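Remarks on the structure that follows.
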Amino acid sequence: MFMKQTKVLLIFTIALSLLALASACGKKPEETPGANTGTSAKEYVPTGKEGTISGAVAFTGTPPPPKKIATDADPACGQKNPNLSTEDNVVTNGKLANVLVYIKEGTLADGTKISEVSFKTPTAALTLDQNGCHYKPHVAAVMVNQKLNITNSDPTQHNIHFTPKNNPDWNQSQPNGAAPLSHSFARSEILVPVKCNQHPWMKAYVAVLKHPFAAVSAEDGSFSIKGVPPGTYTVAAWHEGGATGTEKTMQVTVPASGSVTADFAFGEAATASGKPSLQMMPALDVPMLGRH
Amino acid sequence: MNRGVHRFALLLAGATFFLIIAGALVTSHDAGLATSDWPLSNGQFFPRMVGNLFWEHGHRMVATTVGFLTVCFTVYLYWEQICNWLYRRGLIRSAPVYRGEPRRWVRRLGAIALGTVIAQGLLGGLTVKLNLPLVVSAAHATLAQLFFCTTVSLAVFTSRSWLENQPTMEEQGTLAVRYVCVAAAATIFLQLIIGATLRHSATWDQPLPTDLLLTHIGGAIAVTVLLGTTAVLILRRQRGETFLTRPAKLALALLAVQLFLGIAAYITRVASPNDPQPLNPMVGITVAHVACGALVFATTIVLTLRGFKVLRANAASFEFATPERKLKLEV
Numbered sequence: 024m025f026m027k028q029t030k031v032l033l034i035f036t037i038a039l040s041l042l043a044l045a046s047a048c049g050k051k052p053e054e055t056p057g058a059n060t061g062t063s064a065k066e067y068v069p070t071g072k073e074g075t076i077s078g079a080v081a082f083t084g085t086p087p088p089p090k091k092i093a094t095d096a097d098p099a100c101g102q103k104n105p106n107l108s109t110e111d112n113v114v115t116n117g118k119l120a121n122v123l124v125y126i127k128e129g130t131l132a133d134g135t136k137i138s139e140v141s142f143k144t145p146t147a148a149l150t151l152d153q154n155g156c157h158y159k160p161h162v163a164a165v166m167v168n169q170k171l172n173i174t175n176s177d178p179t180q181h182n183i184h185f186t187p188k189n190n191p192d193w194n195q196s197q198p199n200g201a202a203p204l205s206h207s208f209a210r211s212e213i214l215v216p217v218k219c220n221q222h223p224w225m226k227a228y229v230a231v232l233k234h235p236f237a238a239v240s241a242e243d244g245s246f247s248i249k250g251v252p253p254g255t256y257t258v259a260a261w262h263e264g265g266a267t268g269t270e271k272t273m274q275v276t277v278p279a280s281g282s283v284t285a286d287f288a289f290g291e292a293a294t295a296s297g298k299p300s301l302q303m304m305p306a307l308d309v310p311m312l313g314r315h
Numbered sequence: 033m034n035r036g037v038h039r040f041a042l043l044l045a046g047a048t049f050f051l052i053i054a055g056a057l058v059t060s061h062d063a064g065l066a067t068s069d070w071p072l073s074n075g076q077f078f079p080r081m082v083g084n085l086f087w088e089h090g091h092r093m094v095a096t097t098v099g100f101l102t103v104c105f106t107v108y109l110y111w112e113q114i115c116n117w118l119y120r121r122g123l124i125r126s127a128p129v130y131r132g133e134p135r136r137w138v139r140r141l142g143a144i145a146l147g148t149v150i151a152q153g154l155l156g157g158l159t160v161k162l163n164l165p166l167v168v169s170a171a172h173a174t175l176a177q178l179f180f181c182t183t184v185s186l187a188v189f190t191s192r193s194w195l196e197n198q199p200t201m202e203e204q205g206t207l208a209v210r211y212v213c214v215a216a217a218a219t220i221f222l223q224l225i226i227g228a229t230l231r232h233s234a235t236w237d238q239p240l241p242t243d244l245l246l247t248h249i250g251g252a253i254a255v256t257v258l259l260g261t262t263a264v265l266i267l268r269r270q271r272g273e274t275f276l277t278r279p280a281k282l283a284l285a286l287l288a289v290q291l292f293l294g295i296a297a298y299i300t301r302v303a304s305p306n307d308p309q310p311l312n313p314m315v316g317i318t319v320a321h322v323a324c325g326a327l328v329f330a331t332t333i334v335l336t337l338r339g340f341k342v343l344r345a346n347a348a349s350f351e352f353a354t355p356e357r358k359l360k361l362e363v
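Chains as they are written, first to last, in this note's numbering: chain A, 24 to 315; chain B, 33 to 363.
Right under this line is the structure:
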């Protein structure tokens, strides 16, 4: 009797383990905002009445000073870029650079959800350059299937390593003087971390969206998203830091042929009530600083 | 006794220990994918070893050396058989003068070591080609420990102290030390698997997964209890028997160092996501923790092997430990 019970328990345990394994193997990639479902999405045709979302990203409080990077392991980096330092908080006069601002969700003026509309993928490739042993740009946005050219302008070898969650992992060596590499992402993802395993301080982030409505804040904190169809949207601003970065959102209404301002703030005071967003998905802090 | 075989086994075990350190340095620097190529690095046999490629390609060079040493060691063990085979086919003119390893089971263990090192090399290549999947990377780290223990076992089996006639002793008390040794070795091996999985679950700039970290801490407690019990039992029961007490003392000392290194590794590793790059204190301490873990495992294996060589079951304790037998005796 005991043996029979043991057998049943054993079979049950094995079955449960196999089920867990199967569910883990069959785990679907996470859906991110603006995911390209690619099924019955209707293509957006510009009407000439598109608007603009613009604004600035501020940093409140005292930003942590950039940390100096030791380049002894590869002297070529130090020779080309003697003042190499971390780029996670690039603040100039209280304005924060390298913040990704994008339309997270919303509806067009005719009531269609933006996630149900498809947009033309730009034919022009975005260039990600390894220059001075850091990436230029540090944060970038591309559309699903848009080409990304990777160049190496350094007198040393790099490897470019994308570590996405929804797309396949991709790693390629690129010695100095090698031809540019090309890559694209088949699924949307906010955001794909990029790293160089040869120079562990080298980091960049690439947002992969199904629409072209994204911008990265410049050194003066300003950004501008042009050609936005009139409608009401949730605009998100993402800034790196912590395990998954911090995201803030706000609602904006883009008028026909008009513009709307969306200002964001990060930093000590601004993030006092917020926490790093899990998987960069939910908005935990919604500062209503913008004018609607 | 063939001193040459023993010395070679010691050299191989030492080289393997160095290889474990080289591998741990790769993980701590997140250098595993510094080149997307394998077995070449950036399409070259000997690339410019700058940046993290120094660690990754350096690890490959040490691994190649250990692989070559293992091939030579296996040939050394089978030398007599190889020469006889060649002599029978007329490929050499005289029978072998030098004898390899006379014990077949030791030769077979050498062959197992060769198979393991080949499998380990292929796992290393596979993990690079597949961009370091957790399962393959953890398996690579675990097999490294198994290979190290095989080489240490070969050094034990070919040593003078093993070959000399050691006096056989009866187990004292009801708790058989040999089986506590086996339990300790098995627990340490499980702990090494958890540790390898923990290390490969997050790179230096990511926080460690809490569930795995807690499991590893739980494993450390289990290892401390089991290995501590083993060592104390041996030191109390087999007093004066240096064949057993020496590795027991060493295991206790290494365990203490390992626990200290574990705490230090945790402190430095928790801080590392805020660092601009992997810093030397974190790298040095985590690598030392891995290396000391390998030594704790190897010492426990030595203790277990030696325990099984000289300790014999105590009839009374056997009787006490098996209720069925006791019942029979009573009837």
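C-beta atoms are modelled at their ideal positions from N, C-alpha and C, and glycine is treated no differently.
It should be emphasised that the depicted structure is a prediction, and the values quoted were computed from it without experimental measurement.
Min CB distance residue i to chain A below 7 Å
i, result
"glycine 157 of chain B", "no"
"leucine 284 of chain B", "no"
"asparagine 312 of chain B", "no"
"glycine 83 of chain B", "yes"
"glutamine 309 of chain B", "yes"
"glycine 46 of chain B", "no"
"alanine 326 of chain B", "no"
"aspartate 62 of chain B", "yes"
Candidates the options, of which the one nearest residue i by Cα
i, options, result
"aspartate 243 of chain A", "A/Thr269, A/Thr75 and A/Ala79", "A/Ala79"
"valine 162 of chain A", "A/Ala96, A/Thr130, A/Asp133 and A/Val122", "A/Val122"
"serine 205 of chain A", "A/Glu212, A/Gln197 and A/Lys90", "A/Gln197"
"serine 185 of chain B", "B/Thr67, B/Ala66, B/Pro305 and B/Arg140", "B/Arg140"
"threonine 235 of chain B", "A/Pro253, A/Tyr228 and A/Cys219", "A/Cys219"
"alanine 283 of chain B", "B/Val255, B/Val319 and B/Pro308", "B/Val255"
"proline 310 of chain B", "A/Pro235, A/Pro223, A/Ala285 and A/Ala237", "A/Pro223"
"threonine 277 of chain B", "B/Arg301, B/Phe78, B/Val138 and B/Val342", "B/Val342"
"tryptophan 137 of chain B", "B/Val129, B/Tyr110 and B/Gly205", "B/Tyr110"
Minimum Cβ-Cβ distance from residue i to chain B less than 7 Å
i, result
"proline 105 of chain A", "no"
"serine 40 of chain A", "For serine 40 of chain A, the predicted structure reports a pLDDT of 45, less than 50, and the residue's modelled location is therefore unreliable. The matter cannot be settled from this model."
"lysine 90 of chain A", "yes"
"cysteine 48 of chain A", "Only weak support exists for where cysteine 48 of chain A lies, its pLDDT of 40 falling under 50; the value from the coordinates is given anyway. Closer than 7 Å: no."
"glutamine 153 of chain A", "no"
"asparagine 189 of chain A", "no"
"alanine 227 of chain A", "no"
"alanine 279 of chain A", "no"
"glutamate 53 of chain A", "Low per-residue confidence applies at glutamate 53 of chain A: pLDDT is 48, beneath 50, and the placement is therefore not dependable enough to give any value."
"alanine 45 of chain A", "Bear in mind that the predicted position of alanine 45 of chain A carries a pLDDT of just 42, short of 50, making it too unreliable to give a figure here."
"histidine 222 of chain A", "yes"
"threonine 294 of chain A", "With a pLDDT of 44 at threonine 294 of chain A, under the threshold of 50, the predicted position of this residue should be treated as unreliable, and no value is reported."
"threonine 109 of chain A", "yes"
Range covered by the beta strand (DSSP E) that runs through residue i
i, result
"histidine 262 of chain A", "254-262"
"isoleucine 248 of chain A", "245-251"
"alanine 238 of chain A", "237-239"
Strand pairing of residue i, partner residues [DSSP]
i, result
"histidine 181 of chain A", "A/Gln197"
"isoleucine 173 of chain A", "A/Leu151 and A/Leu204"
"threonine 75 of chain A", "A/Ser282"
"phenylalanine 287 of chain A", "A/Val80"
"proline 216 of chain A", "A/Tyr228"
"glycine 129 of chain A", "A/Tyr256"
"leucine 21 of chain B", "Since the first residue of chain B shown is 33 and the last is 363, residue 21 of chain B is not available in this structure."
"lysine 91 of chain A", "A/Ser108"
Where residue i meets chain B, residues with beta-carbon distance less than 7 Å
i, result
"proline 198 of chain A", "Asn74"
"threonine 146 of chain A", "Per Cβ cutoff of 7 Å: no residues; threonine 146 of chain A is ~28 Å from chain B at best."
Alpha helix (DSSP H) segment containing residue i, residue limits
i, result
"glutamate 112 of chain B", "111-120"
"phenylalanine 180 of chain B", "166-189"
"lysine 226 of chain A", "Premise fails: lysine 226 of chain A lies in the beta strand (DSSP E), 226-232, not in any alpha helix (DSSP H)."
"leucine 265 of chain B", "242-269"
"valine 209 of chain B", "209-233"
"methionine 166 of chain A", "Careful: methionine 166 of chain A lies outside any alpha helix (DSSP H), inside the beta strand (DSSP E) at 162-166."
"valine 277 of chain A", "Note, valine 277 of chain A: premise wrong, no alpha helix (DSSP H); beta strand (DSSP E) at 269-277."
Neighbouring residues, chain B, relative to residue i (Cβ below 9 Å)
i, result
"threonine 179 of chain A", "Arg80, Val82 and Gly83"
"alanine 93 of chain A", "Pro308, Gln309 and Leu311"
Under 8 Å by beta carbon: chain B residues contacting residue i
i, result
"alanine 99 of chain A", "Val82"
"alanine 96 of chain A", "Val82, Gly83, Asn84 and Phe86"
Proximal residues of chain A, C-beta to C-beta of residue i below 8 Å
i, result
"glutamine 238 of chain B", "Ala266"
Where residue i meets chain A, residues with beta-carbon distance less than 9 Å
i, result
"asparagine 163 of chain B", "His184, Thr186, Pro191, Asp192, Trp193 and Asn194"
Proximal chain A residues relative to residue i, where beta-carbon distance stays under 7 Å
i, result
"alanine 66 of chain B", "Asn182, Asn220 and Gln221"
"aspartate 69 of chain B", "Ser196"
Proximity test, residue i beta-carbon vs the ligand FMN heavy atom, cut-off 6 Å
i, result
"phenylalanine 185 of chain A", "In terms of ligand content, the structure shown is empty, and the ligand FMN therefore cannot be addressed."
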